[in-house]
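The block underneath contains the structure these notes are about, expressed in structure tokens.
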Amino acid sequence: MVTPMHLDPDDEKILAGEQGETRQKMLELLVALGKVFGAKRLVRIRSAQVSGASYKTIGEYGLAWLSGLHARAVVPAVLNPIGMPRERWQEMDVEPAFAKRQQEVITAYERLGVNLDCTCTPYYLHKTSFGDHLAWSESSAVSYANSVIGARTNREGGPGALAAALIGKTPCYGLHLEKNRNPQVIIEVQPDEKNWSIARYGALGYHAGKLVGNKIPYFRGITPKPDQLKALGAAMAATGAVALYHVEDVTPEAKKNRYNLSSLEVIAIEPAEIDELFTEIPVDAVAVGCPHCSPAELVDIARLLEGKIVTTPFYVFAAQGVINNNQKTVDAIEKSGARVFADTCMVVSPVMERYSAIMVNSGKAFAYVPDMCGAVARIGTIEDCVAVATS
Ligand code: F3S
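Residues in the sequence shown are numbered from 160 upward in steps of one, following the numbering used here.
Encoded structure:
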């Protein structure tokens, strides 16, 4: 017998249609999701991150659905990257017909009270803390929130995250519950790494995601910093379905909890398995910022480009808020001819489909570029990316 979900009196009023049809339908959606996954209650969320914002992925049907909704977000909510920069789409050579439809999607979300930051790194813009419950959609953001910050979110579909933003709650199941956050497999990285690049952590995640699928891995033998954790988790979410991972003595729950690991399967990863992903194929574009660049990554790119001129198209992607707060660094990058674009990325923008081979420094982009852009992908360090783009 299915246990009914507990709803408070305000929820019952919403379900009865007292706050309009959209809120009624959105809560019905959350309750239905909760029933499917056995949630006993809803939990209040601190923020939402809504996917399904690129016209490339939602098309006419998604736009029509959004346009028929009438409510406002009650918690801070941001969008996933869209198909073009909102302000500089002409500069990225986006087709005007696509830009018009993309703008309509954005306007529909704006009307719903969703903040128009279109980014997979909302944690750089809105404070997110250990233990916060969230309803985030984009897989790398979900991984970072759960693993690096210690917040709690399932990987929401676009409609589920939007419903959560409009209601302020999400069904409490899966990774919202402590008991479901324990490690399920150990990954031993041999030998103990020193000075690994962000790209190398991305490559490790690319490989590890294929090995662990949707399990929660517990890493030993690595000591990544936040940008490296971001790359590791993003890639594992792409080649596997990893929404949470732990790193011994590094990530917050691994430091706080005493896990009993004795019965877990141990997978060893040798350096050669990572090395073989790095090739030297020729490329006709270079794209970095997957997930969107942190301020520190922008500084690094500016340093590497200093005094150089880009000869191969070089795209850098970051959240608009991060760009605004680091304008001098962005100007220094663009002095080389590289372009720093907000709101979009090498995977969701149709512009990248014009290239036949794209170099990235991200394990996630390395996994997605072939299918999403129809291009061959090459992974390299940021130093290699700059060298190729300016050679
Ligand atoms: Fe973000 Fe696009 Fe990569 S959404 S994680 S930059 S594929």
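Note that the Cβ used here is the ideal one computed from N, Cα and C, for glycine as well.
Would you check if the distance between the CB atom of Leu336 and the CB atom of Asn313 is smaller than 8 Å? As a working note, residue 336 is residue 177 in the sequence shown. As a working note, residue 313 is residue 154 in the sequence shown. Result no, Cβ atoms of Leu336 and Asn313 do not sit closer than 8 Å.
Just mark Ile468 as buried or exposed, buried being the case when its beta carbon has 16 or more other beta carbons within 10 Å. The residue you call residue 468 lines up with position 309 of the sequence shown. The residue in question, Ile468, is exposed, as its Cβ has fewer than 16 Cβ neighbours within 10 Å.
Check this for me: beta carbons of Tyr360 and Ala413, under 8 Å apart or not? Within the sequence shown, residue 360 is the residue found at index 201, counting from 1. Within the sequence shown, residue 413 is the residue found at index 254, counting from 1. No, the Cβ-Cβ distance between Tyr360 and Ala413 is not below 8 Å.
At a cut-off of 7 Å, is Ala527 close to the ligand F3S when judged by its beta-carbon and the heavy atoms of the ligand? As a first step, residue 527 must be located in the sequence shown, where it is residue number 368. Going by the sequence as given, residue 527 is Tyr instead of Ala. Tyr527: yes, Cβ under 7 Å from the ligand F3S.
Candidates Ile357, Gly317 and Leu363: which alpha carbon is nearest Leu238's? Your numbering for residue 238 matches position 79 in the sequence shown. That would be Gly317, whose Cα lies nearest to the Cα of Leu238.
Beta-carbon spacing of Tyr474, Ala444 below 8 Å: Here residue 474 refers to the residue found at position 315 when the sequence shown is read from its first residue. Here residue 444 refers to the residue found at position 285 when the sequence shown is read from its first residue. Yes. Within cutoff.
Taking DSSP as the reference, what is the three-state secondary structure of Leu423? Within the sequence shown, residue 423 is the residue found at index 264, counting from 1. Correct three-state label for Leu423: coil.
Using a Cβ cut-off of 8 Å (strictly closer), state whether Ser213 contacts chain C. The structure shown contains no chain C; it is built from a single protein chain.
Look at the alpha carbon of Met531 and the alpha carbon of Ala524, and state the distance between them as a whole number of angstroms. Here residue 531 refers to the residue found at position 372 of the sequence shown. Here residue 524 refers to the residue found at position 365 of the sequence shown. Roughly 9 Å between the two C-alpha positions.
Would you say the beta carbon of Ala524 comes nearer than 7 Å to a heavy atom of the ligand F3S? Within the sequence shown, numbered from 1, the residue matching residue 524 stands at position 365. Because some heavy atom of the ligand F3S lies under 7 Å away, the Cβ of Ala524 counts as near it: yes.
Evaluate Ser213 with the Cβ neighbour count: other Cβ atoms within 10 Å of its Cβ, from every protein chain shown; 16 or more gives buried, anything less gives exposed. On the sequence shown, position 54 is the one that residue 213 refers to. Label assigned to Ser213: buried.
Below 8 Å, how does it come out for the region 477 to 492 and the region 532 to 548: are there three or more Cβ pairs, yes or no? no
With a threshold of 6 Å on Cβ separation, who are the neighbours of Pro450 within its own chain once the five nearest residues in sequence on each side are excluded? Counting from one through the sequence shown, the residue named residue 450 turns up at place 291. Around Pro450: Cys279, Thr280, Ser299, Lys389 and Ala393.
Quick one, are the C-beta atoms of Tyr404 and Ile375 less than 8 Å apart? Residue numbering aside, residue 404 sits at position 245 when the sequence shown is read from its first letter. Residue numbering aside, residue 375 sits at position 216 when the sequence shown is read from its first letter. Result yes, Cβ atoms of Tyr404 and Ile375 sit closer than 8 Å.
Using the C-alpha atoms, what's the distance from Tyr332 back to Arg311? For this step, residue 311 is matched to residue 152 along the sequence shown. For this step, residue 332 is matched to residue 173 along the sequence shown. Roughly 10 Å separates the two Cα atoms.
Examine the ligand F3S and report whether any of its heavy atoms sits within less than 7 Å of the Cβ of Glu429. For the purposes of this step, residue 429 is identified with residue 270 of the sequence shown, where counting begins at 1. For the ligand F3S, not one heavy atom lies less than 7 Å from the Cβ of Glu429.
For a test of your reading of the model: does the CB of Gly448 fall under 7 Å from any non-hydrogen atom of the ligand FAD? Yes or no. Inclusion of the ligand FAD in the displayed structure is not the case, the ligand content consisting of the ligand F3S alone.
Nearest to Ala126 by alpha carbon, out of Asn274, Asp543 and Thr398? Residue 126 cannot be examined here, being either before or after the span of the chain that is shown, 160 to 550.
Looking at the structure shown, is Cys532 part of a helix, part of a strand, or coil, going by DSSP? Within the sequence shown, numbered from 1, the residue matching residue 532 stands at position 373. Note: Cys532 maps to helix in three-state DSSP.
The ligand F3S and Asn520: does the residue's C-beta get closer than 7 Å to at least one heavy atom of that ligand? Looking up residue 520 in the sequence shown gives position 361. Not under cutoff, so the answer is no.
Go ahead and label His229 buried or exposed: buried means 16 or more other beta carbons lie within 10 angstroms of its beta carbon, across all protein chains shown. Against the sequence shown, residue 229 aligns to sequence position 70. The residue is exposed, with fewer than 16 neighbouring Cβ atoms inside 10 Å.
Burial state of Gln261 (16 or more Cβ within 10 Å): Taking the sequence shown and counting its residues from 1, one reaches residue 261 at position 102. Flag for Gln261 reads buried.
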